[in-house]
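Remarks on the structure that follows.
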Amino acid sequence: MAGELALIAVSAIFVNNFVLARFLGICPFLGVSRKIESAIGMTMAVLFVMTVASVVTWLLERLILVPFDLQYLRTITYILVIASLVQLVEMVVQKTSPVLYQALGIFLPLITTNCAILGVAILVRQKSYGFLETLTFSLAAGVGFGLALVLLAGLRESLALARIPRAFQGNAIVLVSAGILSLAFMGFSGLVRG
Amino acid sequence: MDEPIETPPTATPPQGEAKPPPKKPTKKPPKSDPAPAPDYVLSSSPHIRKAISIRRIMGEVLLALLPATAFGLYLFGPHALWVLSLCVAGSVATEVVCQRWAGTRVTISDGSAALTGLLLGMTLPPQAPWWICLIGAVVAIGLGKHVFGGLGYNPYNPALLGRVVLLISFPAQMTAYYSPGWWGVDAVTSATPLGLLQEARIRSMGLGEATQLSMSDAFFGFMPGSIGETSTLALLAGGLFLLWRRHITWDIPVAMLGTVAAGSALFWWIDPSRYMPPQFHLMTGGLMLAAFFMATDMVTSPLTTRGKLIFGFGCGLLTVIIRLWGGYAEAVSFAILLMNSAVPIIDKYTPPRLYGTGKPPAQGPKS
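Heads up: the protein sequence lines correspond to chains C and G, in order.
Mapping of the first sequence onto this note's numbering: residues 49 to 242, in sequence order.
Mapping of the second sequence onto this note's numbering: residues 4 to 370, in sequence order.
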């Protein structure tokens, strides 16, 4: 069991990294990667929302949607859960760390529409994971998202000092860096089968 | 050995053409007083300078690569020469085009583009088709270097980026290897030792034919492989030359090779029927070339000794993990690219200690 969980974690962090291999959650990846500090703050917020959301949706799926034959309400239920969690995080961040709140800006409420979070909740259902597997998978997915975000933030901090040609300044060079990061992560492919 | 040349203490530091464009912010020279020359002059660091230029460094690195290149040509013959020439010419041409395009000074004479081209060529199979060489060169110099602003700003090692793009895009051509013969005569298709090992692992056949490789052949380089990667001896000689000339420091190669040796030894000790011994992993694939010539690239590696040790350890660890269980037979390029992307973070969290205090400097104001 522990071995399986470890495989799930390695797969979600490295091999099928949500940002760099599945290309989910690109907008916060590009939007909040300007500074390492705000990238770490974003990671914490996403980690929390992702984990709690997939556990709650897992419970809802088992206890309400399936017994009452309401699967057609799945997407809207999931989004409702995610949106209320994001609201919670937003209130906590605003009260505890106004600086981080400023730094995250619009991207904090936009976690609601972060496709990585909905993606995790839906993948958990598709793979019919149990409770522990769900917990591991969503935590690892969040860690993988954070890893990609922090790596890109580091690159962007050093690129801020570079003499980038005009045609590539701004989002262009960020996308190029993100693409190369994704190429490097392809080295992990095949590490975990399935 | 370069004699450190002390410049006369003047208020304005001379414009040395040393070092690639600065990673660290340079301080402005203090304003000089119009008053008559005082008895002693205060000036900002650096105080000790070396008569060294980018061209000189690149030239000596090229010289260090000479034994491995010559041995590769001896093994694989005229086609290998063709591959190397195409890569070098392609890289230099791309550099000219990019710099003309950007309207900056054309700096092909510093030899950095030629070096990138040679390194790229050395990691290619000896029978690589011409378009592979050209695509690799354009990607390495264009995407790896000039998009980021040229030499000194590139976060990734250009030659390795070129190789990884080729490896992902053209896996068939990039893994078609030939067994060596004198001057390329009697070339027979055959897989590299690491390729054999991986095939055996995927088919769950234990170690397969990889065990038949004799360690002395691997050390001298008589085995199928990329043009410049086969001979451990020639690459070691080049690497030691660079160490002696102080163009590289010991920390990254030692940490990287040590981690690969320790990691592979651990699994070999656990189950020798499934894992190869450490000397096999040290002498096959691109490890030696990468550890001495690519991971140590001064632009894309960390600044401090602690940072370099962490970097080398990470390169070695990722190499072992991908080699033992990954989908690609050769892991070194991916490992170094991955660690290249972590370099800004390593640099940020391993600042040099303040002289005499043993403490890291206080973090500057957050901008």
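Where a beta carbon is used, it is the ideal one built from N, C-alpha and C, also for glycine.
Query, Result
"Beta-carbon proximity of residue 308 of chain G to residue 252 of chain G, cut-off 9 angstroms", "yes"
"Cβ neighbours of residue 221 of chain C in the same chain (closer than 7 angstroms, five flanking residues each side left out)", "207, 212"
"Where residue 267 of chain G falls: helix, strand or coil (DSSP)", "helix"
"Span separating the alpha-carbon of residue 67 of chain C from that of residue 201 of chain C", "14 angstroms"
"Same chain, Cβ closer than 6 angstroms to residue 346 of chain G, neighbours up to 5 away in sequence not counted", "305"
"Short CB-CB distance (under 9 angstroms) between residue 355 of chain G and chain C", "no"
"9 angstroms Cβ cutoff met for residue 44 of chain G and residue 250 of chain G", "no"
"For residue 229 of chain G and residue 125 of chain G, believed in contact at Cβ under 8 angstroms, the rounded distance", "6 angstroms"
"Within 9 angstroms of chain G by C-beta, residues of the segment 198 to 224 of chain C in sequence order", "198, 199, 200, 201, 202, 203, 204, 205, 206, 207, 209, 210, 211, 212, 213, 214, 215, 216, 220, 221, 224"
"Distance between residue 112 of chain G and residue 342 of chain G (C-alpha atoms, nearest Å)", "30 angstroms"
"Sufficient close CB pairs (3 or more, under 8 angstroms) joining the segment 69 to 80 of chain G to the segment 95 to 108 of chain G", "no"
"Proximity winner among C/165, C/160, C/199, relative to residue 229 of chain C (alpha-carbon distances)", "C/199"
"9 angstroms Cβ cutoff, residue 152 of chain C in contact with chain G", "no"
"Neighbour list for residue 237 of chain C in chain G, Cβ cutoff strictly below 7 angstroms", "330"
"Proximal residues to residue 109 of chain C (C-beta, below 7 angstroms), its chain only, five neighbours per side dropped", "173"
"Residue 276 of chain G versus G/208, G/331, G/319, residue with shortest Cα-Cα distance", "G/208"
"Bridge partner(s) assigned by DSSP for residue 192 of chain G", "G/181"
"With 16 other Cβ atoms within 10 Å as the buried cut-off, status of residue 168 of chain G", "buried"
"Option in G/239, G/133, G/97 with minimal Cα separation from residue 117 of chain G", "G/97"
"Residues from the segment 66 to 86 of chain C in contact with chain G, defined by Cβ distance under 8 angstroms", "84, 85"
"Spatial neighbours of residue 101 of chain C in its chain, beta-carbon cut-off 7 angstroms, leaving aside the 5 residues before and after", "129, 130, 133, 165, 169"
"Contact set between residue 270 of chain G and chain C, taken where Cβ atoms lie within less than 7 angstroms", "The contacting residues do not exist; residue 270 of chain G stays about 15 angstroms from chain C at best."
"Touch test, the segment 199 to 207 of chain G against the segment 263 to 272 of chain G, Cβ-Cβ under 8 angstroms, three pairs minimum", "no"
"is_contact[residue 96 of chain C, chain G] using C-beta, thresh 9 angstroms", "no"
"DSSP three-state assignment for residue 145 of chain G, whether helix, strand or coil", "helix"
"9 angstroms Cβ cutoff, residue 198 of chain G in contact with chain C", "no"
"Buried or exposed by the 16-neighbour rule on C-beta atoms within 10 Å, applied to residue 350 of chain G", "buried"
"For residue 58 of chain C and residue 93 of chain C, the rounded distance between their alpha carbons", "21 angstroms"
"Residue 325 of chain G, enclosing alpha helix (DSSP H) - first and last residue", "308 to 328"
"Span separating the alpha-carbon of residue 225 of chain C from that of residue 291 of chain G", "27 angstroms"
"Terminal residues of the alpha helix (DSSP H) in which residue 351 of chain G lies", "335 to 352"
"Where the alpha helix (DSSP H) through residue 161 of chain G begins and ends", "161 to 172"
"8 angstroms Cβ cut-off: residues of chain G touching residue 229 of chain C", "344"
"The segment 185 to 196 of chain C in contact with the segment 132 to 147 of chain G per 3-pair CB rule at 8 angstroms", "no"
"Cβ-based burial, residue 106 of chain C [other Cβ within 10 Å; buried from 16]", "buried"
"Spatial distance of residue 289 of chain G from residue 296 of chain G (CA atoms)", "10 angstroms"
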